[in-house]
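Before any comments, here is the structure.
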Amino acid sequence: MTALLQIQDLKTQFSTSSGTVKAVDGVTYDVEEGETVAVVGESGCGKSVTALSIMRLVAEPAGKIVGGKILFQDINLLDLDIEEMRNIRGKDIAMVFQEPMTSLNPVLTIGMQLMETLQQHLDVDETAAQARAVELLGLVGISDAERRLAQYPHNLSGGMRQRVMIAMALSCEPKLIIADEPTTALDVTIQAQILELMKDLTRRLGVALIIITHNLGVVARYANRVNVMYAGKIIERGNAREIYHNPKHPYTLGLLRSVPRLDQPRGERLVPIVGHPPDLTRLDGGCAFRPRCTFAVDRCAREIPPLVDVDGGHLSACWEHENVGLNVRKAS
Amino acid sequence: MSVAESDTNIPQQALGDVLLQVKGLKKHFPITDGILVKRAVAHVKAVDGISFEVRKGETLGLVGESGCGKSTTGRCILQLDQPTEGEIIYDGVDLSTISRAELNRMRERIQVIFQDPFSSLNPRMKIGDIIAEPMHVHGIEPDAAKRRARVSELLTVCGLNPRFADRYPHEMSGGQRQRVGIARALSMRPEFIICDEAVSALDVSIQAQVINLLEDLREQFNLTYLFIAHDLSVVRHLCHRVAVMYLGKIVELAESDELFDNPMHPYTQALLSAVPVPDPDVEAAREHQVVKGEIPSPINPPPGCVFHTRCPKAVASCQTDVPSLRELRPGHWVACTEA
Numbered sequence: 422m423t424a425l426l427q428i429q430d431l432k433t434q435f436s437t438s439s440g441t442v443k444a445v446d447g448v449t450y451d452v453e454e455g456e457t458v459a460v461v462g463e464s465g466c467g468k469s470v471t472a473l474s475i476m477r478l479v480a481e482p483a484g485k486i487v488g489g490k491i492l493f494q495d496i497n498l499l500d501l502d503i504e505e506m507r508n509i510r511g512k513d514i515a516m517v518f519q520e521p522m523t524s525l526n527p528v529l530t531i532g533m534q535l536m537e538t539l540q541q542h543l544d545v546d547e548t549a550a551q552a553r554a555v556e557l558l559g560l561v562g563i564s565d566a567e568r569r570l571a572q573y574p575h576n577l578s579g580g581m582r583q584r585v586m587i588a589m590a591l592s593c594e595p596k597l598i599i600a601d602e603p604t605t606a607l608d609v610t611i612q613a614q615i616l617e618l619m620k621d622l623t624r625r626l627g628v629a630l631i632i633i634t635h636n637l638g639v640v641a642r643y644a645n646r647v648n649v650m651y652a653g654k655i656i657e658r659g660n661a662r663e664i665y666h667n668p669k670h671p672y673t674l675g676l677l678r679s680v681p682r683l684d685q686p687r688g689e690r691l692v693p694i695v696g697h698p699p700d701l702t703r704l705d706g707g708c709a710f711r712p713r714c715t716f717a718v719d720r721c722a723r724e725i726p727p728l729v730d731v732d733g734g735h736l737s738a739c740w741e742h743e744n745v746g747l748n749v750r751k752a753s
Numbered sequence: 002m003s004v005a006e007s008d009t010n011i012p013q014q015a016l017g018d019v020l021l022q023v024k025g026l027k028k029h030f031p032i033t034d035g036i037l038v039k040r041a042v043a044h045v046k047a048v049d050g051i052s053f054e055v056r057k058g059e060t061l062g063l064v065g066e067s068g069c070g071k072s073t074t075g076r077c078i079l080q081l082d083q084p085t086e087g088e089i090i091y092d093g094v095d096l097s098t099i100s101r102a103e104l105n106r107m108r109e110r111i112q113v114i115f116q117d118p119f120s121s122l123n124p125r126m127k128i129g130d131i132i133a134e135p136m137h138v139h140g141i142e143p144d145a146a147k148r149r150a151r152v153s154e155l156l157t158v159c160g161l162n163p164r165f166a167d168r169y170p171h172e173m174s175g176g177q178r179q180r181v182g183i184a185r186a187l188s189m190r191p192e193f194i195i196c197d198e199a200v201s202a203l204d205v206s207i208q209a210q211v212i213n214l215l216e217d218l219r220e221q222f223n224l225t226y227l228f229i230a231h232d233l234s235v236v237r238h239l240c241h242r243v244a245v246m247y248l249g250k251i252v253e254l255a256e257s258d259e260l261f262d263n264p265m266h267p268y269t270q271a272l273l274s275a276v277p278v279p280d281p282d283v284e285a286a287r288e289h290q291v292v293k294g295e296i297p298s299p300i301n302p303p304p305g306c307v308f309h310t311r312c313p314k315a316v317a318s319c320q321t322d323v324p325s326l327r328e329l330r331p332g333h334w335v336a337c338t339e340a
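Protein chains in written order, with this note's numbering: chain U, 422 to 753; chain G, 2 to 340.
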């Protein structure tokens, strides 16, 4: 059986006054049905642009998908016209954005926004849509649902708004939900509530989930498979355990060593990654992580390392992945 | 075991000289109504009677979720917000009673680093001028050439190239800008720095660099920090002692190791349980107690214990009795009757 979603060599670029930004530069990954896949990386690594490309929401004309395929149930989304894409967006693939404050329409009631999606995609009348909206709010843990339908986004707290966003995403029983930093704007106790809710609902309803985040802890708690992105490329992929215990790319290793952990002794000095992320308009023919890498060799400046299987389903894009592995074993 | 009788009773510490004392601090912001005549119809109780002290050389963490009053506390200490009630005593002087000129002199000793490296630097000023401005304002280094030399020195101390002095903020990354904010704070040779979410806006790899820088500077210049943050892992890493705030009150205060190894307030326990650890095995083995409900409004906080509406351990008396901070173990203060 083929995967639910197959992204193949996706390239998305933005033209700016200072040059072409290769925001997504040859990204390939699959999402199986009902699976939770994480995309991790720091600001500007292209993780959100990948998601917007899947939804065909990249802001034109500055942004453009210039290459690759996005196969959803074997249909290339990039071949669809606007109308066909609109039928998939929000119905088969739904998205939950980071900012629950700005992604809801402030002048429409919660009920209208929920029912709009339903009536757009499903053949339902207003009464049925309203009944379904009430049911959805109950599903995401909002009590007193009927009263809430008449309220506006500003009447709700950040956590409540994100619950409404999730209700909207679930409304047409999608096969895939893309959650772009769904809890970054929320407080930690509310973050825990929302993540538990999403985990529970996606498992119960069998929905596949792409969770995009910069938070390594969130990934460890919720994802089966992890893609690590840097400068527009996936540089490591594997199951969560492998990535965390046996990283094969210096960037992943660096990320893991940069964060203080609650379960480890206090007072140990953090090991940051030196330097800062590259300018995406000025990438050369070598590995983009090279200037910050402690494992770099001459070859890294000449050839971009491809993402290859280095250990039974664990992929790394690093010429020196064996050295990284040795270093990890020595440290532990 | 001693029991604090009132809010103004300060958790005492045997070690080190006390640099800052906050006693019974309250900050209530009025919500006004009316077009011509504004009258207060309600108050946001941002900070509602907190007391703590900071000793020389220590880093005290102030943690809590949005709206708990941690940033307002920092602003009250700096006298950027006038406290409604209570005293801010810095090195024996009550900051709310001194004159403007005296306060300005005091501010040379107390500096602040803000969260947002994008909005806390003037976009029309060069980095060098941004760092030199406090020295100019306070008349510390009247000689322009010496000021420039000092700017170079500060940039180097903060891990930036001295050439950056001629650049504008928009030419720098978030991490670099935050280093500029730190250099500006250091320009006054302060002894006390309030870090208000100083690393929250940074990516993890950059965040680690800035955390290490703050640690180095603390060592090098004998700095005392009040570290205000919401990220518990970072707070644990950097702070000697930690105070946990909820709805304008301190609910728990202890040495860092003690607080994180042995949290006694149900809110602290919930916070710690909510923080995910970057290790799938640890996460799979951990028990997650998700605290229910949302933070109530500080306009009308719950009576009794402010946390009782969400607390898994609440009993009937929590709805009426305000728990005071009690020292349940040496140096470990908890505001919970059930702890």
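C-beta atoms are modelled at their ideal positions from N, C-alpha and C, and glycine is treated no differently.
Check: Any idea what DSSP makes of U:MET476, helix, strand or coil?
Finding: Indexing the first sequence from 1 puts residue 476 of chain U at position 55. The three-state reading of DSSP puts U:MET476 in coil, since its state is none of H, G, I, E or B.
Checklist line | From U:THR457, U:ASP544 and U:ALA472, residue whose alpha carbon lies closest to that of U:CYS593 | finding: Counted from its first residue, the first sequence places residue 593 of chain U at position 172. It is U:ASP544.
Next item on the list: Examine chain U for any beta-carbon lying closer than 8 angstroms to the beta-carbon of G:LEU218, and answer yes or no.
Entry: Locating residue 218 of chain G in the second sequence gives position 217, counting from the first residue. Cβ-Cβ to chain U under 8 angstroms: no for G:LEU218.
Checklist line | chain U residues whose Cβ lies nearer than 9 angstroms to that of G:HIS171 | finding: The residue given as residue 171 of chain G occupies position 170 in the second sequence. Result: empty, since nearest Cβ-Cβ is about 12 angstroms, beyond 9 angstroms.
Next item on the list: Taking G:GLN80 as the query, report the chain U residues whose CB atoms sit under 7 angstroms from its CB, ordered along the chain.
Entry: Start at 1 with the first residue of the second sequence, and residue 80 of chain G comes out as number 79. Those within 7 angstroms of G:GLN80 in chain U number zero; the least Cβ separation is about 28 angstroms.
Checklist line | Member of U:VAL442, U:LEU529 and U:THR423 whose CA lies at the smallest distance from the CA of U:ALA571 | finding: For the purposes of this step, residue 571 of chain U is taken as the residue at position 150 of the first sequence. Relative to the Cα of U:ALA571, the nearest Cα in the group U:VAL442, U:LEU529 and U:THR423 belongs to U:LEU529.
Check: Just reading off the alpha helix (DSSP H) that U:HIS742 is part of, what are its end residues?
Finding: Counting from 1 along the first sequence, the entry for residue 742 of chain U is found at position 321. That run of the alpha helix (DSSP H) goes 742-752.
Next item on the list: Identify which residue in G:GLU216, G:ARG101 and G:LEU329 has its Cα closest to the Cα of G:ALA199.
Entry: Here residue 199 of chain G refers to the residue found at position 198 of the second sequence. For the residues G:GLU216, G:ARG101 and G:LEU329, the minimum Cα distance to G:ALA199 belongs to G:GLU216.
Next item on the list: Taking C-beta pairs closer than 7 angstroms, name the residues in chain G that U:ILE694 reaches, listed in chain order.
Entry: Locating residue 694 of chain U in the first sequence gives position 273, where the first residue counts as 1. In chain order: SER206.
Margin query: Closer than 7 angstroms between beta carbons: that is the criterion. Which residues of the stretch 648-669 of chain U meet it against chain G?
Written below: Listed in chain order, the positions of the stretch 648-669 of chain U with a beta carbon within less than 7 angstroms of a beta carbon of chain G are ALA661, ARG662 and TYR665.
Note to self: Within 8 angstroms of any Cβ in chain U, is that where the Cβ of G:GLU103 sits?
What the structure shows: Working through the second sequence from its first residue, we reach residue 103 of chain G at position 102. G:GLU103 does not count as touching chain U.
Note to self: Give the list of continuous alpha helix (DSSP H) stretches no shorter than 4 residues that lie fully inside the stretch 258-294 of chain G.
What the structure shows: Within the stretch 258-294 of chain G, the complete alpha helix (DSSP H) runs of at least 4 residues are 267-275 and 281-286.
Margin query: On the CB-based measure, 16 or more other CB atoms within 10 Å of its CB, does U:GLY706 come out buried or exposed?
Written below: As a working mapping, residue 706 of chain U is identified with position 285 in the first sequence. That one is exposed.
Note to self: Quick check on U:VAL647: buried or exposed, where buried means 16 or more other Cβ atoms within 10 Å of its Cβ?
What the structure shows: In the first sequence, residue 647 of chain U corresponds to position 226, counting from 1. By the Cβ-count criterion, U:VAL647 is buried, with 16 or more other Cβ atoms from all chains shown falling within 10 Å of its own Cβ.
Check: Who does U:SER737 pair with in a DSSP beta bridge?
Finding: Sequence index remark: in the first sequence, residue 737 of chain U carries index 316 (1-based). Note: U:SER737 sits in a beta bridge opposite U:GLU657 and U:VAL729.
Margin query: Between the alpha carbons of U:THR604 and U:LEU616, how many angstroms are there, rounded?
Written below: As a position in the first sequence, residue 604 of chain U is number 183, starting the count at 1. As a position in the first sequence, residue 616 of chain U is number 195, starting the count at 1. Spanning the two alpha carbons is a distance of roughly 8 angstroms.
Note to self: Could you compute how far the alpha carbon of G:PRO267 sits from the alpha carbon of U:ASP621?
What the structure shows: What you label residue 267 of chain G is simply residue 266 of the second sequence in a count that begins at 1. What you label residue 621 of chain U is simply residue 200 of the first sequence in a count that begins at 1. Near 25 angstroms, if we compare the C-alpha coordinates of U:ASP621 and G:PRO267.
Margin query: Under 8 angstroms, CB to CB, which of the residues in the stretch 221-238 of chain G have a partner in chain U?
Written below: Cβ contacts with chain U come from HIS231, LEU233, SER234, VAL235, ARG237 and HIS238.
Item checked: chain U residues whose Cβ lies nearer than 7 angstroms to that of G:ASN213 -> In the second sequence, counting from the first residue as 1, residue 213 of chain G sits at position 212. Under the 7 angstroms cutoff, chain U gives ARG690, LEU691 and PRO693.
Next item on the list: Look at the alpha carbon of G:GLU6 and the alpha carbon of G:GLN208, and state the distance between them as a whole number of angstroms.
Entry: Along the second sequence, read from residue 1 onward, the residue named residue 6 of chain G stands at position 5. Along the second sequence, read from residue 1 onward, the residue named residue 208 of chain G stands at position 207. Residue placement at G:GLU6 is flagged as unreliable, the pLDDT there being 40, under the threshold of 50; the coordinate-derived value follows with that caveat. CA-CA distance, G:GLU6 to G:GLN208, rounds to 41 angstroms.
Next item on the list: Taking G:SER120 as the query, report the chain U residues whose CB atoms sit under 7 angstroms from its CB, ordered along the chain.
Entry: Taking the first residue of the second sequence as position 1, residue 120 of chain G is located at position 119. Within 7 angstroms Cβ-Cβ: nothing; G:SER120 doesn't reach chain U, min ~17 angstroms.
Check: Is it buried or exposed for U:ALA550, if we count other Cβ within 10 angstroms and need 16 for buried?
Finding: Taking the first residue of the first sequence as position 1, residue 550 of chain U is located at position 129. U:ALA550 is buried by the Cβ-count criterion.
Note to self: With a threshold of 8 angstroms between beta-carbons, can U:ILE821 be considered close to chain G, or not?
What the structure shows: Outside the displayed span of chain U (422 to 753) sits residue 821 of chain U, for which this structure offers no information.
Next item on the list: Within the same chain, show all residues whose beta-carbon is closer than 7 angstroms to that of U:VAL731, passing over the 5 residues directly before and after it, in chain order.
Entry: Taking the first residue of the first sequence as 1, we reach residue 731 of chain U at position 310. Cβ neighbours of U:VAL731 within its own chain (closer than 7 angstroms, five residues either side excluded): LYS669, SER737 and HIS742.
Next item on the list: Can you give me, in chain order, the residues of the stretch 151-168 of chain G that have a beta carbon less than 8 angstroms from any beta carbon in chain U?
Entry: Of all residues in the stretch 151-168 of chain G, none is placed with a Cβ closer than 8 angstroms to any Cβ belonging to chain U.
Check: Since U:ALA588 and U:LEU560 are thought to touch, with beta carbons under 8 angstroms apart, how far apart are those beta carbons, to the nearest angstrom?
Finding: Against the first sequence, residue 588 of chain U aligns to sequence position 167. Against the first sequence, residue 560 of chain U aligns to sequence position 139. About 7 angstroms separates the two Cβ atoms, so the contact holds.
Checklist line | Between the CA atoms of G:GLY70 and G:ILE32 - distance to the nearest angstrom | finding: What you label residue 32 of chain G is simply residue 31 of the second sequence in a count that begins at 1. What you label residue 70 of chain G is simply residue 69 of the second sequence in a count that begins at 1. A direct Cα-Cα distance of roughly 16 angstroms separates G:ILE32 from G:GLY70.
Notebook entry, point to check: What does U:GLY447 reach in chain G if we use C-beta pairs closer than 7 angstroms?
Noted result: Locating residue 447 of chain U in the first sequence gives position 26, where the first residue counts as 1. Taking a Cβ-Cβ cut-off of 7 angstroms, U:GLY447 has no neighbours in chain G, whose nearest Cβ is about 23 angstroms from it.
Note to self: I need the straight-line Cα distance from U:VAL690 to G:SER325, nearest angstrom please.
What the structure shows: As a position in the first sequence, residue 690 of chain U is number 269, starting the count at 1. As a position in the second sequence, residue 325 of chain G is number 324, starting the count at 1. Per the sequence presented here, residue 690 of chain U reads as Arg, with Val not at that position. C-alpha separation (whole angstroms): 36 angstroms.
Next item on the list: Would you list, in sequence order, the uninterrupted beta strand (DSSP E) runs of no fewer than 3 residues that lie entirely inside the stretch 131-209 of chain G?
Entry: Entirely contained in the stretch 131-209 of chain G, the beta strand (DSSP E) runs reaching 3 residues are, in chain order, 193-197.
Note to self: For G:ASP49 and G:ALA255, what's the separation of their Cα atoms in angstroms?
What the structure shows: Taking the second sequence and counting its residues from 1, the one referred to as residue 49 of chain G is at position 48. Taking the second sequence and counting its residues from 1, the one referred to as residue 255 of chain G is at position 254. Distance between the alpha carbons of G:ASP49 and G:ALA255: 20 angstroms.
Note to self: Threshold first: 3 residues or longer. Then list the beta strand (DSSP E) segments lying entirely within the stretch 77-102 of chain G, N to C.
What the structure shows: Counting only runs of 3 or more, we get 86-91.
Check: Below 8 angstroms, can you find three or more Cβ-Cβ pairs linking the stretch 571-582 of chain U to the stretch 621-634 of chain U?
Finding: No: the two stretches stay apart, fewer than three of their Cβ pairs being nearer than 8 angstroms.
Notebook entry, point to check: Where U:ASP500 and U:PHE493 are concerned, what is the direct C-alpha to C-alpha distance, given to the nearest angstrom?
Noted result: Taking the first residue of the first sequence as position 1, residue 500 of chain U is located at position 79. Taking the first residue of the first sequence as position 1, residue 493 of chain U is located at position 72. Cα-Cα distance, rounded: 11 angstroms.
Note to self: Classify G:LEU61: buried if its beta carbon has 16 or more other beta carbons within 10 angstroms, exposed otherwise.
What the structure shows: Locating residue 61 of chain G in the second sequence gives position 60, where the first residue counts as 1. Here G:LEU61 is buried. Its C-beta has 16 or more other C-beta atoms within 10 Å.
Check: Going by Cα to Cα distance, which pick from U:ALA566, U:LEU577 and U:VAL649 is closest to G:ILE296?
Finding: Walking along the second sequence from the start, residue 296 of chain G turns up at place 295. Of the candidates U:ALA566, U:LEU577 and U:VAL649, the one whose C-alpha sits nearest the C-alpha of G:ILE296 is U:LEU577.
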